[in-house]
Amino acid sequence: MFSYLLDKIRSKLTGWQNKILSPGGKLVLIKNVLSSIPMYTLAACCPLRAILRTIERMFAAFFWGSKDGVAKRSWLAWRFVTRTKSEGGLGIKCLNDIMDAFSMKLWWKLRHGKGLWVELLKAKYFRKRHPCDAFMTSKCSHIWRRILRGRKLAEPFISLRLGRGEDSARYEDWIPGGPRLDSVAIPPAEGVTSGTRCGTGR
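Under the numbering used here, the letters of the sequence shown match residues 19 to 220, in that order.
See the structure below:
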């Protein structure tokens, strides 16, 4: 299914094999050319991890070089090369991390956005509940599985600020014990300020 992706990367590498490139030049090509090839695919769907590993092996073979068709020694594992420069790596983006970032972006858009695709998923998977309470079923779609993976990765780092209290937070699990909607009999469309006593702030 993703053979076109591998073929496109191979065609790029074939055109560079006869050129004398410094390690710095190879690094620039990997960052700016090769890494950009699978971006659209990673945003649209989730390739198998084996496909991502194959692509990164191609990157590594190009970076470390080869002689007579045989790859030279890799002096450092690729997972260390893909670390940020502040962590001792070379700043090449890990494809698996990119795919996870796109998954979290989908979750964020579903959680806070509006649109036809959001309404469609809401009607199918969480019609009467908050998306944080939605669950995976045995027959759910590929995109829903991906969004739930994004939820698992993103939710531990999402927090809420009440601010002026004009937006409802009763659907959100912002304090222990579950969403406040479960214990407060106030219409969900109303904000936090509608439940305070005038002049008391309570």
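Where is the CB? At the ideal position from N, CA and C, for every residue including glycine.
As the crow flies, the alpha-carbon of Y22 is around 17 Å from that of G33. Annotated three-state conformation of S21 is helix, per DSSP. When rounded, the separation of the alpha-carbon atoms in S40 and R145 is 56 Å.
In the DSSP annotation of this structure, the continuous segment of the alpha helix (DSSP H) that includes E74 starts and ends at R67 to W82. Using a Cβ-Cβ distance cut-off of 8 Å, the region 163-176 and the region 108-116 are not in contact, since fewer than three pairs of beta carbons, one from each stretch, lie closer than that value. Taken through DSSP and simplified to helix, strand or coil, M57 comes out as helix.
Nearest Cα to K90 within the set F98, M76, K103 and T102: M76. For the options I110, K111, M122 and F80, the alpha carbon positioned closest to that of K37 is the one of F80. Listed in chain order, the alpha helix (DSSP H) elements of length 4 or more contained wholly in the region 116-170 are 134-143. Judged by DSSP in its simplified three-state form, T32 adopts helix. For R167, the closest C-alpha among the options I48, T59, C63 and R28 is that of C63.
Inclusion of F20 and I69 in the CB contact set at 7 Å is warranted, their separation being smaller than that value.
Residues F98, V99, T100 and R101 of the same chain have their beta carbon placed closer than 8 Å to that of G107, with the five preceding and five following residues left out of the count. Between M122 and L171 the beta-carbon gap is near 5 Å, inside 8 Å, which marks them as a contact. When DSSP states are grouped into helix, strand and coil, L39 belongs to the coil group.
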